[in-house]
Ligand SMILES: [Zn+2]
Ligand SMILES: [Zn+2]
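Numbering (our numbering), first residue to last: 1 to 216.
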């Protein structure tokens, strides 16, 4: 494992800036890995899986330290809005959930009262604070299905309605048809136009920003 300072440099490069959230994420991951006995996340990357519970700064830092990524299926994002992450050793089954303590912010504020910039003070405090002041730890067990693990897809079916391919059992059975989640009623978007690259759609669509649909 690298040092906190080394991870801070790497995380700042990958995230675009250094911030208190990232220090929290780095320390959270270092603590989590140590707790499950993984000392070299690069060497042990194949046996490591991480669940993150928030899509904010800390998550990018967790990814830098663990090497776990969404595109490798080794990073799982659960939208719970909590600065917390669970680190799983796939080989031993050992897992620990690390959650940032809510009172850490107040403690951090009190630590460097002479630093004028609140952001800098918080960042310095998160570097210096004791782990037990920053985090709560729980030994946990995570049930993982084969279709959730890294590696080749376990299955692929075509949605009976839209025809798009769905991997790894994410389809839904509705009556006697297999549908993608969107066609099964879980659609998070509304189609305003469709077509190929050369269609009208591209020309019409190019002037619009995402989220502006229906606004004018
Ligand atoms: Zn940030
Ligand atoms: Zn579909």
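The beta carbon of each residue, even a glycine, is placed where N, CA and C say it ideally should be.
In this text the structure is predicted, and so the values were computed from the model without any measurement.
In whole angstroms, what is the alpha-carbon distance linking residue 51 and residue 110?
-> So the two alpha carbons sit approximately 31 Å from each other.
Whether residue 57 touches residue 119 by CB criterion (8 Å) = For residue 57 and residue 119, no; Cβs fall outside 8 Å.
Could you tell me whether any non-hydrogen atom of ligand 2 is closer than 7 Å to the CB of residue 182?
-> yes
If we count the other Cβ atoms within 10 Å of its Cβ and call it buried at 16 or more, is residue 42 buried or exposed?
-> exposed
Which runs of the beta strand (DSSP E) spanning at least 3 residues fall entirely within the stretch 112–190, listed in chain order?
-> 135–140, 156–158, 165–167, 172–174, 177–179
DSSP state of residue 107, grouped into three classes?
-> helix
What is the rounded straight-line gap between the Cα of residue 87 and the Cα of residue 32?
-> 6 Å
Give a single yes or no on whether residue 17 has its beta carbon closer than 7 Å to a heavy atom of ligand 1.
-> yes
Which class does residue 89 belong to by DSSP, given the choice of helix, strand or coil?
-> strand
For residue 66, which three-state DSSP category applies?
-> helix
Considering only residues of the same chain and omitting the five flanking positions on each side of residue 223, which have a CB-CB separation below 8 Å?
-> The chain is shown only over 1 to 216; residue 223 falls outside these bounds and no answer can be derived.
Just grab the DSSP bridge partners of residue 97 for me.
-> 86, 138
Taking the beta strand (DSSP E) that residue 52 falls in, what are its first and last residues?
-> 48–52
Hey, is residue 13 close to ligand 1, as in C-beta under 7 Å from one of its heavy atoms?
-> no
Residues of its chain near residue 122, where Cβ-Cβ distance is below 6 Å and the 5 sequence neighbours each way are ignored | Cβ neighbours of residue 122 beyond the five flanking positions: 20, 108.
Got a sec? Which residues, its chain only, sit under 7 Å from residue 75 by beta carbon, not counting five neighbours each side?
-> 50, 52, 63, 68, 69
Pairwise C-alpha distance: residue 104 and residue 153 | 41 Å
Applying the criterion that 16 or more other CB atoms from any shown protein chain within 10 Å of the CB defines a buried residue, is residue 77 buried or exposed?
-> Only exposed fits residue 77, as fewer than 16 other CB atoms lie within 10 angstroms of its CB.
Using the DSSP secondary-structure output, state which residues sit across from residue 76 in a beta bridge.
-> DSSP lists 51 as partners of residue 76.
If you draw a straight line from the alpha carbon of residue 3 to that of residue 148, how long is it in whole angstroms?
-> 31 Å
How is residue 57 classed by DSSP in three states: helix, strand or coil?
-> DSSP places residue 57 in helix when its eight states are reduced to three.
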